[in-house]
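K.L.:
Questions regarding the structure given below will be posed in turn.
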Amino acid sequence: MTRNITVRTTRSWIVLFLRVLACGFLIAALILHGDLRLVPIAIALGCVLVLFVLRDRTQPSAGADWSGSADLLLKGKKFSGQLSLAKGRMIWSPTDRSHRLGVDEINVNIVAGSELKLETGPALLDVIVTVSGTAGKHRFLTHRSSSLKRAVDHLEM
Amino acid sequence: MKTLFNKRIRQGRYTSEIDRHAWSTPSIWMRTTTFASACSINRYYDPSTGQFISVDPLVAVTGQPFAYANDNPVNAIDPNGLDCGFFSFACSAYDATAGGVTTAVVDAGHVVNAALPVIHTLANSIAVVASLCAVVTSETVIGGNTCGTIAAAAGGVTAVTGVALYAEGRENGGNTAVDVTGGALGGVSSLFEGFANSARALQEAEFDSGNLWAPVRAWAWGKFASGLSGISRFLSATAFGIGLFGEFGSNCS
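Line order of the protein sequences matches chains X and S.
Take the position in the first sequence, starting the count at 1, then add 85; the result is the number in the working numbering.
Take the position in the second sequence, starting the count at 1, then add 503; the result is the number in the working numbering.
If you want it as structure tokens, here you go:
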């Protein structure tokens with residue numbers, strides 16, 4: 086089991102680099118059109134959008150040490166939902182949309198022999214949680230926070 | 504001049520003028536008279552020379568005071584004697600339906616053309632907001648879309664409208680290069696992320712299969728997916744370029 090968040094892969098670094106570069110060019114384009122005042126407004130709106138993205142998608146599971154928005158990564162697609170970490174359990178609840186797309190709740194019992202891996206994703210706050218156990222392997226894309234690390238440390242394996 | 508000719512059209516004097524110039528080339532006369540009844544409302548055309556006989560009201564933009572349809576009257580049209588600009592799809596639609604499309608469509612092209620700067624700034628602003636978000640998180644925003652995909656889409660609109668403004672002399676080349684680079688980079692980063700996810704999914708499917716050759720096949724899938732992503736990026740970049748510059752070919756200024 087890896088309790089520390091491992092560094093991002095080369096692919097993720099390239100994606101992040103391209104995103105920063107794209108962002109820089111798009112901001113430069115905005116400034117070149119003489120709308121300098123739009124830049125701080127855009128940054129403020131960008132922060133609001135980030136908070137909107139990281140909002141709770143569904144009700145956190147009862148007794149969860151940590152809960153946050155998380156996308157289920159399945160066959161190259163992302164399904165939005167809410168990830169909750171409780172003692173010995175990891176629960177991912179799908180949003181209504183994900184449920185309509187045929188994805189059901191995932192409840193993983195973290196027992197001895199289970200493997201949990203955390204790695205950074207292609208964006209600054211991304212954390213990809215990979216859990217392998219008797220029920221198979223699941224990957225979730227969530228976001229970094231100090232409470233997430235503490236909750237992972239409290240998981241019993 | 505535009506007002507003057509519009510006035511003359513309302514007075515009903517334009518048809519005979521066009522007819523007088525049209526007899527020498529009947530095939531073009533047919534098309535021209537169709538325009539006259541539909542949307543040739545700003546200038547007079549002389550089919551014998553293939554030129555307008557009145558100066559383009561938008562000569563400051565087009566740089567061509569008398570040229571008709573980019574000097575290609577057989578394959579292109581200019582229904583109302585004005586520059587259709589980057590959104591010359593209206594003229595193409597007119598051509599394709601042999602005049603079946605009314606002036607409303609052509610006018611719509613002009614409205615979009617006039618709104619280009621607003622569309623451009625709006626798309627640019629959305630692209631900046633979304634790309635800032637994409638740098639921070641890759642999670643889905645709404646409906647399975649991430650900030651990255653929104654940034655790529657808005658960046659694409661920024662790039663296309665930027666090129667359109669450049670084509671019409673309303674934006675300089677440096678600004679357009681920045682627009683296109685920003686939009687293209689946003690798109691490429693999204694493509695890259697998508698392919699990275701697909702490659703990983705295929706690799707994991709192999710690992711999960713428990714097959715003896717799974718590691719080898721997973722490696723092969725990874726290489727295959729990487730190769731595909733490279734080709735796709737090349738193709739999308741080429742298509743992007745062709746799509747942008749192909750528009751110039753049918754510009755009916």
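Idealized CB from N, CA, C, for every residue including glycine.
Any idea what DSSP makes of threonine 215(X), helix, strand or coil?
P.N.:
In this structure, threonine 215(X) counts as strand in the three-state DSSP scheme.
K.L.:
Between the alpha carbons of leucine 226(X) and threonine 215(X), how many angstroms are there, rounded?
P.N.:
Approximately 9 Å between the Cα atoms of the pair.
K.L.:
Using only alpha-carbon positions, find the residue among His228(X), Ile176(X), Gly148(X), Ser183(X) that is nearest to alanine 637(S).
P.N.:
Here the closest residue by C-alpha is His228(X).
K.L.:
Quick one: what does DSSP say lysine 172(X) is sitting in, helix, strand or coil?
P.N.:
Residue state, collapsed to three classes: coil.
K.L.:
Judging by CA-CA distance, which residue of Val666(S), Ala670(S), Asn675(S) is the nearest neighbour of valine 683(S)?
P.N.:
For the residues Val666(S), Ala670(S), Asn675(S), the minimum Cα distance to valine 683(S) belongs to Val666(S).
K.L.:
Is any beta-carbon of chain S found at less than 8 Å from that of arginine 182(X)?
P.N.:
Yes, contact with chain S.
K.L.:
Between which two residues does the beta strand (DSSP E) harbouring serine 232(X) extend?
P.N.:
Here serine 232(X) belongs to no beta strand (DSSP E); instead the alpha helix (DSSP H) covers 231 to 239.
K.L.:
Could you confirm whether any beta carbon from chain S is found closer than 8 Å to the beta carbon of isoleucine 176(X)?
P.N.:
No, because no Cβ of chain S sits closer than 8 Å to the Cβ of isoleucine 176(X).
K.L.:
Select from Val631(S), Pro620(S), Leu625(S) the residue whose C-alpha is nearest the C-alpha of threonine 652(S).
P.N.:
That would be Val631(S), whose Cα lies nearest to the Cα of threonine 652(S).
K.L.:
Among the residues of its own chain, which have a CB less than 6 Å from the CB of lysine 163(X), if the five just before and after it don't count?
P.N.:
Excluding residues within five positions, the ones whose Cβ falls inside 6 Å are Asp156.
K.L.:
Just the C-alpha distance for glutamine 167(X) and threonine 679(S), rounded to the nearest angstrom, thanks.
P.N.:
Cα to Cα, glutamine 167(X) sits roughly 41 Å from threonine 679(S).
K.L.:
In terms of alpha-carbon separation, which member of Ala617(S), Ala654(S), Thr664(S), Gly646(S) lies closest to arginine 182(X)?
P.N.:
Comparing Cα-Cα distances from arginine 182(X) to each of Ala617(S), Ala654(S), Thr664(S), Gly646(S), the minimum goes to Gly646(S).
K.L.:
Compare the beta carbon distance of valine 196(X) and histidine 223(X) with 8 Å and say whether it is the shorter of the two.
P.N.:
For valine 196(X) and histidine 223(X), no; Cβs fall outside 8 Å.
K.L.:
CB-CB under 8 Å to glutamate 642(S), same chain, minus the five flanking residues each way: which ones, in chain order?
P.N.:
So the qualifying residues of the chain are Thr649.
K.L.:
So is threonine 684(S) in contact with chain X if we call contact Cβ pairs under 8 Å?
P.N.:
Yes, threonine 684(S) lies at the interface with chain X (some Cβ there is under 8 Å from its Cβ).
K.L.:
Between which two residues does the beta strand (DSSP E) holding threonine 664(S) run?
P.N.:
Run containing threonine 664(S): none in the beta strand (DSSP E); it sits in the alpha helix (DSSP H), 650 to 670.
K.L.:
In chain S, what lies closer than 7 Å to leucine 123(X) by C-beta?
P.N.:
Those within 7 Å of leucine 123(X) in chain S are Ser628.
K.L.:
At a CB-CB cut-off below 7 Å, which residues of chain X make contact with alanine 637(S)?
P.N.:
Those are Arg104, Ala208, listed as they occur along chain X.
K.L.:
With distance defined between alpha-carbon atoms, name the residue in Leu115(X), Ile99(X), Trp98(X), Phe102(X) nearest to isoleucine 629(S).
P.N.:
Minimum Cα distance to isoleucine 629(S) is reached at Leu115(X).
K.L.:
Using a Cβ-Cβ cut-off of 8 Å, state whether alanine 654(S) counts as contacting chain X.
P.N.:
Yes, its Cβ sits closer than 8 Å to a Cβ of chain X.
K.L.:
Could you tell me which chain X residues have their CB closer than 7 Å to the CB of glycine 659(S), listed as they occur along the chain?
P.N.:
What glycine 659(S) touches in chain X: nothing, since even the nearest Cβ is about 11 Å away.
K.L.:
What does DSSP give as the partner residue(s) for glycine 166(X) in the beta ladder?
P.N.:
Looking at the DSSP assignment, glycine 166(X) forms a beta bridge with Ala155(X), Pro179(X).
K.L.:
Mind pulling the chain S residues with CB within less than 9 Å of lysine 163(X)?
P.N.:
Under the 9 Å cutoff, chain S gives Ser641, Glu642, Thr643, Gly647, Thr649, Asn700.
K.L.:
Using alpha carbons as the reference points, say which of Asn675(S), Gly658(S), Gly676(S), Gly677(S) lies closest to isoleucine 622(S).
P.N.:
It is Gly658(S) whose Cα lies nearest to the Cα of isoleucine 622(S).
K.L.:
With arginine 142(X) as the anchor, note down where its beta strand (DSSP E) starts and where it stops.
P.N.:
Neither: arginine 142(X) is in no beta strand (DSSP E) and is coded neither H nor E.
K.L.:
How many Å lie between leucine 619(S) and threonine 664(S) at the Cα?
P.N.:
So the two alpha carbons sit approximately 6 Å from each other.
K.L.:
Alpha carbon to alpha carbon, how far is glutamate 616(S) from isoleucine 128(X)?
P.N.:
According to the sequence provided, residue 616(S) is asparagine. The question's glutamate does not apply to it. Roughly 29 Å between the two C-alpha positions.
K.L.:
Classify tryptophan 98(X): buried if its beta carbon has 16 or more other beta carbons within 10 angstroms, exposed otherwise.
P.N.:
By the 10 Å Cβ count, tryptophan 98(X) comes out exposed.
K.L.:
For threonine 640(S), report the span of its alpha helix (DSSP H) as first-last.
P.N.:
Careful: threonine 640(S) lies outside any alpha helix (DSSP H) and carries neither H nor E.
K.L.:
For threonine 95(X), report the span of its alpha helix (DSSP H) as first-last.
P.N.:
It spans 95 to 117 - the alpha helix (DSSP H) in which threonine 95(X) sits, taken as one unbroken run.
K.L.:
Within 8 Å (strictly less), CB to CB, does asparagine 616(S) reach chain A?
P.N.:
Among the protein chains in the structure shown, which are X and S, there is no chain A.
K.L.:
For the beta strand (DSSP E) that leucine 203(X) lies in, which residues bound it at each end?
P.N.:
Note, leucine 203(X): beta strand (DSSP E), 200 to 205.
K.L.:
Closer than 8 Å, CB to CB, is leucine 170(X) near chain S or not?
P.N.:
It does not; no Cβ of chain S falls within 8 Å.
K.L.:
One question on the structure: do threonine 95(X) and glutamate 204(X) come within less than 8 Å of each other, judged by their Cβ atoms?
P.N.:
Contact flag unset, no.
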